[in-house]
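Structure first, then comments.
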Amino acid sequence: MTSAVDVITTKRDGHALDEDAINWVLDAYNRGVVADEQMSALLMAVFFNGLSARELRAWTATMVDSGERLDLGGLSRPTVDKHSTGGVGDKISLILAPLVAACGAAVPQLSGRGLGHTGGTLDKLETIPGWRAVLSNDEVYAQLESVGAVICAAGAGLAPIDRKLYALRDVTGTVESIPLIASSIMSKKIAEGTSALLLDVKVGRGAFIKDHDRALELASTMVALGADHGLATVAQLTNMDAPLGQAIGNAIEVAESIEVLRGGGPTDVRALTLALARVMLELTGLDVDPETRLDDGSAYEVYRAMIAAQGGDPDAAIATTAKASVVTAPHDGIVQRVDALDVGVAAWRLGAGRARKEDPVSAGAGVRCLVVAGDEVVAGQPLFELYADDDARLELGRATIASAVTIADEAPAPTALLFERIG
Ligand code: URA
Numbered sequence: 000m001t002s003a004v005d006v007i008t009t010k011r012d013g014h015a016l017d018e019d020a021i022n023w024v025l026d027a028y029n030r031g032v033v034a035d036e037q038m039s040a041l042l043m044a045v046f047f048n049g050l051s052a053r054e055l056r057a058w059t060a061t062m063v064d065s066g067e068r069l070d071l072g073g074l075s076r077p078t079v080d081k082h083s084t085g086g087v088g089d090k091i092s093l094i095l096a097p098l099v100a101a102c103g104a105a106v107p108q109l110s111g112r113g114l115g116h117t118g119g120t121l122d123k124l125e126t127i128p129g130w131r132a133v134l135s136n137d138e139v140y141a142q143l144e145s146v147g148a149v150i151c152a153a154g155a156g157l158a159p160i161d162r163k164l165y166a167l168r169d170v171t172g173t174v175e176s177i178p179l180i181a182s183s184i185m186s187k188k189i190a191e192g193t194s195a196l197l198l199d200v201k202v203g204r205g206a207f208i209k210d211h212d213r214a215l216e217l218a219s220t221m222v223a224l225g226a227d228h229g230l231a232t233v234a235q236l237t238n239m240d241a242p243l244g245q246a247i248g249n250a251i252e253v254a255e256s257i258e259v260l261r262g263g264g265p266t267d268v269r270a271l272t273l274a275l276a277r278v279m280l281e282l283t284g285l286d287v288d289p290e291t292r293l294d295d296g297s298a299y300e301v302y303r304a305m306i307a308a309q310g311g312d313p314d315a316a317i318a319t320t321a322k323a324s325v326v327t328a329p330h331d332g333i334v335q336r337v338d339a340l341d342v343g344v345a346a347w348r349l350g351a352g353r354a355r356k357e358d359p360v361s362a363g364a365g366v367r368c369l370v371v372a373g374d375e376v377v378a379g380q381p382l383f384e385l386y387a388d389d390d391a392r393l394e395l396g397r398a399t400i401a402s403a404v405t406i407a408d409e410a411p412a413p414t415a416l417l418f419e420r421i422g
């Protein structure tokens with residue numbers, strides 16, 4: 000009989016855990032036999048000593064086996080999903096899922112809510128009157144067959160141990176561990192039953208991971224885990240130093256996504272969506288140019304069907320707030336950078352995000368960025384519009400956004416939207 004203390008001390012002393020020990024400790028924790036304080040100690044030992052590829056494979060497999068596994072094998076279309084590690088203004092899923100479905104794939108996009116300064120896809124879609132995030136497995140399957148795209152809450156039955164582990168990591172300083180992040184993300188994606196997966200690994204000021212080498216390590220770790228579990232996985236590192244698009248919030252991001260789906264919208268959002276769509280289509284083997292499906296309106300039609308299938312009104316007015324305010328340029332010059340972290344934190348304080356999982360979010364709150372790096376501005380020119388439900392939040396947002404733009408005399412160095420691809 001394995002004991003929790005043996006498992007903890009083995010990892011603490013830098014030795015590898017065998018598969019049986021990993022299966023046992025995770026399963027026993029799930030059943031309440033191993034206590035929170037013991038699992039906390041083990042997570043800290045993993046944080047410092049890591050997991051080998053073999054240990055990580057067993058750790059992830061046990062997480063997958065802790066719950067149900069969807070079987071999407073009977074669908075008439077190839078399945079492919081995208082996961083983003085989280086960014087500011089990252090509304091790409093809202094456009095990408097219907098776009099890739101319009102090209103012939105089925106996209107099961109099981110998503111989460113936002114926490115901290117990065118937004119959550121479900122919070123954005125929940126601003127649409129009537130839209131329902133929670134679907135049964137049968138509803139997910141039926142919608143994938145009929146519409147081709149589903150964005151909904153990841154059911155409690157998928158890798159349920161991840162919920163317990165994530166909550167414990169959150170309060171024990173063990174979130175930022177590459178093997179723990181990789182197993183958390185990949186266990187849910189493997190359980191979801193998709194055949195292919197694109198990981199958008201964000202790196203930069205507004206990302207969860209700010210260091211390029213660490214982002215690369217996370218990306219390679221997840222790609223290897225996908226391969227181990229028969230899930231064709233590609234990771235694309237993308238730049239999150241600046242917010243994506245102009246709109247950062249919930250309803251305003253839905254509005255901006257619709258603009259892109261109707262052929263307009265900010266160029267960075269359109270370019271990133273098309274780049275990611277091409278990789279997803281390559282993974283499915285479908286030889287279709289996504290740009291044609293964006294420009295001929297077919298992606299927008301799939302979006303409308305996807306919203307309506309989940310009870311939402313695709314023609315509903317976009318939620319607004321009672322208060323708004325404009326932040327202007329203090330002097331003439333050229334915008335050097337718009338800082339994604341400052342903008343994300345401002346949107347969060349304006350009411351678009353939540354501090355605790357159970358907090359509500361404001362539908363209309365957020366930031367509209369009116370300039371990008373490289374723009375010439377004159378003193379008094381509007382840089383941001385801020386939206387909040389009350390004056391106190393508006394003031395909090397104004398104070399935070401003050402440092403988000405740097406204006407100087409010279410042109411800034413150009414930046415890339417996409418970095419390395421792994422896999
Ligand atoms: N997202 C997840 O699902 N898990 C993590 O550990 C980090 C980000």
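At position 356 of the sequence shown (counting the first as 1) the number is 355 in numbering that gives the first Met the number 0, and the numbers step up by one without a gap.
Think of the CB as a built atom: it goes at the ideal place given N, C-alpha and C, for glycine as much as any other residue.
Helix, strand or coil for residue i? Go by DSSP, reduced to three states.
{"i": "G127", "result": "In the sequence on display, residue 127 carries Ile and not Gly. Coil."}
{"i": "V326", "result": "strand"}
{"i": "G229", "result": "coil"}
{"i": "K209", "result": "coil"}
{"i": "E300", "result": "helix"}
{"i": "G396", "result": "helix"}
{"i": "L416", "result": "coil"}
{"i": "R367", "result": "strand"}
{"i": "E357", "result": "coil"}
{"i": "G350", "result": "helix"}
{"i": "V287", "result": "coil"}
{"i": "T9", "result": "helix"}
{"i": "V334", "result": "strand"}
{"i": "A316", "result": "coil"}
{"i": "T1", "result": "coil"}
{"i": "G103", "result": "coil"}
{"i": "V278", "result": "helix"}
{"i": "L382", "result": "strand"}
{"i": "D80", "result": "strand"}
{"i": "A362", "result": "coil"}
{"i": "L236", "result": "strand"}
{"i": "L109", "result": "strand"}
{"i": "G343", "result": "helix"}
{"i": "V376", "result": "strand"}
{"i": "E252", "result": "helix"}
{"i": "E67", "result": "strand"}
{"i": "V268", "result": "helix"}
{"i": "V87", "result": "coil"}
{"i": "A308", "result": "helix"}
{"i": "A410", "result": "coil"}
{"i": "A15", "result": "coil"}
Count the other C-beta atoms from every protein chain shown that fall within 10 angstroms of the C-beta of residue i, then say buried if there are 16 or more, exposed otherwise.
{"i": "K356", "result": "exposed"}
{"i": "I381", "result": "A quick correction: the sequence has Pro, not Ile, at residue 381. Exposed, because fewer than 16 other Cβ atoms sit within 10 Å of the Cβ of P381."}
{"i": "F47", "result": "exposed"}
{"i": "S75", "result": "exposed"}
{"i": "S83", "result": "buried"}
{"i": "R30", "result": "exposed"}
{"i": "V426", "result": "Only positions 0 to 422 of the chain appear in the structure, and residue 426 is not among them; the question remains open."}
{"i": "P329", "result": "exposed"}
{"i": "G147", "result": "buried"}
{"i": "T220", "result": "buried"}
{"i": "S176", "result": "buried"}
{"i": "D212", "result": "exposed"}
{"i": "V253", "result": "buried"}
{"i": "P289", "result": "buried"}
{"i": "V139", "result": "buried"}
Am I right that residue i and residue j are in contact with their C-beta atoms under 8 Å? What's the rounded C-beta distance?
{"i": "E67", "j": "A190", "result": "7 Å"}
{"i": "L243", "j": "L271", "result": "7 Å"}
{"i": "V200", "j": "I94", "result": "Not confirmed; about 19 Å, so no contact."}
{"i": "N249", "j": "A96", "result": "About 17 Å; that fails the 8 Å criterion."}
{"i": "T78", "j": "A105", "result": "5 Å"}
{"i": "V376", "j": "G332", "result": "7 Å"}
{"i": "W58", "j": "I21", "result": "5 Å"}
{"i": "G85", "j": "W347", "result": "No, G85 and W347 are not in contact; Cβ-Cβ is about 13 Å, not under 8 Å."}
{"i": "V202", "j": "L236", "result": "6 Å"}
{"i": "K322", "j": "D389", "result": "6 Å"}
{"i": "A387", "j": "T320", "result": "6 Å"}
{"i": "D182", "j": "L55", "result": "Position check: residue 182 holds Ser in this sequence, whereas Asp was assumed. The Cβ separation is near 6 Å, so the contact holds."}
{"i": "N136", "j": "F418", "result": "Actually they do not touch by this definition, with Cβ atoms about 36 Å apart."}
{"i": "G379", "j": "A364", "result": "About 25 Å separates the two Cβ atoms, so there is no contact after all."}
In chain order, what residues place their C-beta within less than 5 Å of a heavy atom belonging to the ligand URA? I180, S183, I184
Entirely within the segment 23-57 and at least 4 residues each: give me those alpha helix (DSSP H) ranges in chain order. 35-48
Just to confirm the assignment: which complete alpha helix (DSSP H) runs, minimum length 4, are found wholly within the segment 133-204? 136-145, 159-171, 177-191
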